[in-house]
Amino acid sequence: MVEFQHHKPSSSFTPRGFTARGGLSGSRSPKEAPKKTHHFTNTSAELTGNSNYTVSKLSANPAALQNPSASTLNGVVNETTSHALLISDQAVYVWKYNSSDAIPTTTQLPVTPGNNGFPPLALLISPSAGSIEPGVVVINSHSGHIRYYENIESASAIGLLHQRKGLETQLKLADREYCTLAESIEPAGVLVSTSTGRVILISLRDSAGKAAITTSEIVRRQASFFSSAVAPHRQMAAIKSGSVVGQGERIAATITRGGYFQVRSCARDGQSKVGFEQDLAEILIEHIQYDPKYAGVDLAKKLEIVDMALLPHFDQDVFLLLAALEVSPTQTYYIQFVIRREQSQFLLFSAYRIRTYTKPFEKTPQLYVPAPGSTAFIVFENAVVLAQLPTVLDHEMNNRLKKWEDIITFRSDVSIIGCGPEGLKTIDGEIVQYPSVHVMIPQVGVLRVERLQTSEENMYDSSSTRMLKTHIEQAVFYGVSNSGPLEFDIPDDIEIDEFDLKTDLLAVADEILSSSSSYIPPRLSSLDQHLELRLSYAEKLLHYASSNFGDKLDIDTKIALVGAYEKLAAGLSLHKCINKYNTDVKFNSELGKAVTAFKSNQAKSYDLFLNGLQDINDFLYILFKRLDETRNIDIIGSEIATSVYSSVMDAEKTYRYDLFGLDGSEVGTFEPWFTTNEMYLLLNDLFQKYVDVKSTVSTQDSTASSVAVAFAQILFYQTQQKAEWLKSKPTKTRTDQDALERLTTFVHARSDVWTKSLVLFGAKAEALAIAETYNDLKSLVEITEDDRENAQNLDSVHMRFDYLFSKFGYPFAETLYNYYIQTGKYQILLFGFPQYSDYLHRFFTENDHGKISWVKDMLDGDYTKASQVLLAVTQKTDEKQSHRHLHLSIAKLSALSAQNGDDELLQDIQEELDFVEAQEGILSQIQEFIRSDGDPAAQVDSATGVLLKEPYSSATSSVNKQAFQRALSRLLSNKSLSVNELVDTYTLLNSHVTNTTANCYCSLKVLHLANQPQAVKAVNEKLTWRRAILSDDWLDILSSKTKTEEYIKEKTEQSVLFETLLRFFKDELFIRNNDYQIFLPSVRTLTEMDSDEDLLARYKFIGAGDLPLLKKEIQAEIDQIKALVSDFELEGWIKGLIGTANTKSGADRLINYNQLTIENI
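Laid out in structure tokens, this is it:
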């Protein structure tokens, strides 16, 4: 970072970062800033920057660079002379690149003779003695013509005077030989390499220091005479100047692409001596050959040196080599090798692969290591890579080096044509110039890429800002438009860790939201401006994340990024509402209380909007709660809620759905921020109050209608999103399940209220649109059906119905049909939509609507199905007896009408009719004993006292009495009785009161027809036979010795037991039916107690606590029978009655009286 408080800038000075960010007064973190400061008066604009580097555009931009006339250009930026060259095939332009003039003084030098349409090689030369202007050497790479302009101030004049003697010469080049590289090694001159491998020293001054051009071949031709070029690995990759070792003498280092390295001394008189040479290829390959990154790559063929630099930080000879390794046609790795000279050989110290750039090169990349030598600058055609270098030749410390690396990329239509470094400079311990590289770009100018962090201790600091975060910040805070040369999108070839990506994106989003970013000013003239600024940054972050990382981001990250934008949008809307209502005393009072309740340390709403928006929904809940509970300003709460959450919904559509391509069901792991605190309940209250107040106004205004529509949309969206989130949770707690059930019930109850409220505001079309959007089929049905009932022209309504059927299919049909059933509109249900009969058929098939669906079956001619449906309807216990009888009668008629009759179905229907008849038989017996006062409870009590057998009638607590009363209550309510209830009623009725002896027979007949579990049937059968026996006074019949045999015979054949046996044989109830056979009454069987399990299965209405009472009552019946058997030999009388009934009935069955079984069934 650069700080400016130590210097008072001039009136023309604009500190870095101010104008480029639209007047922001932010600064970078002090932790990341260098200790010393500087400023440049030639920097017109900072294009981007972070704690590690800045990119600035220099003011000086000559017209030739702004609007170049040639398509092929080269450039040179020279720190020693402070000048730059723009080189075309027609001219060489020279200017002072650090000039503060926007259009600097520029010298134009002609290129004569021409260079076959290519720019010549050109170099800047240090000023001659007594001059401050640099010289220029122009070398025609194809013809070998050399021209030396000693002083550019008079260079133009020299050019016009044709060739001044002594300032030009001619290199003798072989056929098709050309110059490839040229490097100044002043004071010795210039070294030039050719395509045949020759190296030529061009001396520019004589021994007296006067300008004079001479040439000396110091390396002979390496190519054969039959070839115009050496093999690629022997071509010169780099020539670098070393130290000056004497007057007119300097060290130079050269390296070929194949890694052959030489150090030689070169003198002005043309003498050259090799001081050291070594083929480095072997040690470079050995160091990297086991790296899995390079597996399968022929290192000997594919590894080539592209440039070299001397590391100025060390006393000994230490070089940095830049090598390119092609691993595929579309991918090239760039590797930095640090080599050090030790005695008579070079040793490899370290190798580092560049991570940020892997594109193959067309134009050879250039490597610079400006003082102090801690950062390498690699200049590609449209990118500059900065990489940290070791400053100590210590392997342990090198392992601790944080290997910092970053990249500045340029737009695809931008091409770097020239470059040059500048080293660190200090004055009195104060930094006045950071290490940098300058790049020259046509139509743009000269840019300075400046490395800010130079402190050695920071180089080995484990904590550092990740490159990814800084690039995100640059894109957001600097990437205003595409008009600049920089490309802020992350290059495709950079390896990105998805966890780091998520962390850094969310960190930037959070810093924007909380105003904690160093790029955001702490204050602006208005809070609205501050919120709008942050909102614009959040929007840029969203677009940047989508275009660069859309396929790498998980749902949670996308939603969190959108959420940060939404909270800012909500904050801006809220603040505008506060300004709107700031004259309302009550509102301001409640607002202040809400702010205090939200966070006690944020006593002012200003602080809330600066750094409290992360929890804005908590604040809104507090505020809306207070407004909802305060009379006369609750409407303000409604309007604020509509404004705030409408801005959220707009953002959801624009960014969540359109930009990131999510859908409504992709809600992520965390609850949507705007649905927390069950906000929908409070919003519903505010909505209802708004409707209650505004809908009573006689003249509806468009504003009220718009607010109501927006509010309804908010309610639908909030509840939908909360429901989606709850349903998406893979593991749901009891709390989650309760919340989802509560929400579902709430929406079902309120959704049609929300839409129908819009109709009150004249917004029926909007209500239909909202209902359609959120699949609120209930509202669509009710509004459309209301239109159908009131429409003058039904065509439009029918078209809407057709559209809804077409769009929503069966779910809409099901909702519509249920509505018709609930409202009793059966005729429309059955006849209204014949074209969708398949839906109606499915509806009746999947739902229990047999009371209606049988009509449809009849209309379709499916009489068998109609009978089956009606039969199924009658099986319901809540079916009224009169309805049951009617349904069974229709079912029977329908079954008889069927083309292919189903005898089994007819039998089932008849059995059910028999049940109905059995129940009606009971009703006819007791009708005269039922009170007519209409009180059901009193009727049951009264009838029980008269009709129930003793001892149950007078018992205060009796299971059998309770069973009788339950059955009697249903009977009097015209409800169908179950089999058990029929058995209880028939067998517990006092036959002496009702004057009938057939009730126990009726009970057996019901059992014969019934389809019950066998154990339950057995219990019912035993209690029927027992009660048939106990219905008469056997003591009275059998005890008197004075009674004749005829009398006893007459009396026994008048008994309930005999009547039951007689009809039992007549109706052949002993024949097995429904897999059960009713047996003859056996005293042994009738005096056995049923199991607890069987009794509880039979008496389902009692619990285990009532079981002892039931068993006591049953045991009392058993004991009575046992006493009769003991005292009057009742068992023999029963067998006698069985035989008599068998004969009189005409059944004449063969009976085994020992086993009491019928043998010939």
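Note that full-length UniProt numbering numbers the sequence shown so that position 413 is 413, with each residue one more than the last.
Glycine is no exception: its CB is placed at the ideal position from the N, C-alpha and C atoms.
A distance below 9 angstroms separates the beta carbons of T985 and A967. With a threshold of 16 other beta carbon atoms within 10 Å, Y294 meets it and is buried.
In the DSSP assignment, W1133 falls within the alpha helix (DSSP H) that extends over L1130 to K1144.
In the structure shown, R448 adopts extended strand secondary structure according to DSSP, grouped into three states. DSSP links Y148 through a beta bridge to V137. As DSSP reads the structure, Q262 sits in a beta bridge with T254 and E277. CA-to-CA, the gap between S241 and S515 works out to about 50 angstroms. Residue state for K363 is assigned as coil, using DSSP reduced to three classes.
DSSP places D1094 inside the alpha helix (DSSP H), whose first and last residues are D1092 to R1098. With respect to the 9 angstroms criterion, L347 and R341 are classified as neighbours on the basis of their beta carbons. According to the DSSP assignment, Y53 belongs to the beta strand (DSSP E) that extends over Y53 to L58. Listed in chain order, the non-local C-beta contacts of C1002 below 7 angstroms within the same chain comprise A918, G921 and Y986, local neighbours out to five positions each way being set aside.
The continuous stretches of beta strand (DSSP E) do not include E473, which lies in the alpha helix (DSSP H) extending over residues M467 to F477. By DSSP's assignment, F410 forms a beta bridge with L486. Runs of the alpha helix (DSSP H) lying entirely within the segment 967 to 995, each at least 4 residues long, are 979 to 988 and 991 to 994 in chain order. Looking at the backbone, the Cα of G824 and that of L830 are separated by about 11 angstroms. For I1121 against L1110, the beta-carbon gap comes to about 17 angstroms, at or over 8 angstroms, which does not count as contact.
Within the segment 615 to 644, the runs of alpha helix (DSSP H) that reach at least 4 residues and sit entirely inside it are, in chain order, 616 to 628.
The shortest C-alpha to C-alpha distance from S837 to any of D848, Y810 and N847 is the one to Y810.
Take the alpha-carbon of T364 and the one of L299: they are about 19 angstroms apart.
Counting along the chain, the unbroken beta strand (DSSP E) around L191 starts and ends at V190 to T194. Assigned with DSSP and collapsed to three states, T107 falls in strand. Contact between the segment 675 to 683 and the segment 559 to 574 is not established, with fewer than three Cβ pairs separated by less than 8 angstroms. Taking all protein chains shown into account, A309 has 16 or more neighbouring C-beta atoms within 10 Å of its C-beta and is therefore buried. Across the structure, E1053 and I1118 are spaced so that their CA atoms are roughly 23 angstroms apart. Comparing C-alpha distances from L424 to each of S728, V437 and T596 shows the shortest one belongs to V437. Between the segment 90 to 100 and the segment 55 to 64, the count of Cβ pairs shorter than 8 angstroms is three or higher; the stretches touch. The bridge partners DSSP lists for E405 are A387. In the DSSP assignment, K425 falls outside any alpha helix (DSSP H) and within the unbroken beta strand (DSSP E) covering K425 to I427.
Judged by their CB atoms, V753 and Q688 are nearer to each other than the 9 angstroms cut-off. Of the candidates S195, N617 and I239, the residue whose Cα lies closest to the Cα of Q222 is S195.
Between V230 and E217, the gap from beta carbon to beta carbon reaches 9 angstroms or more.
Just measuring C-alpha positions, the residue of A211, W1133, E950 and I930 sitting nearest S1031 is E950.
Short of 7 angstroms from the beta carbon of V709, and not among the five residues preceding or following it, lie these beta carbons of its own chain, in chain order: L758, A763 and E766.
Take L1038, set aside five residues on each side of it, and the residues of its chain with a beta-carbon closer than 6 angstroms to its own are F1128, in chain order.
When rounded, the separation of the alpha-carbon atoms in R264 and I202 is 15 angstroms.
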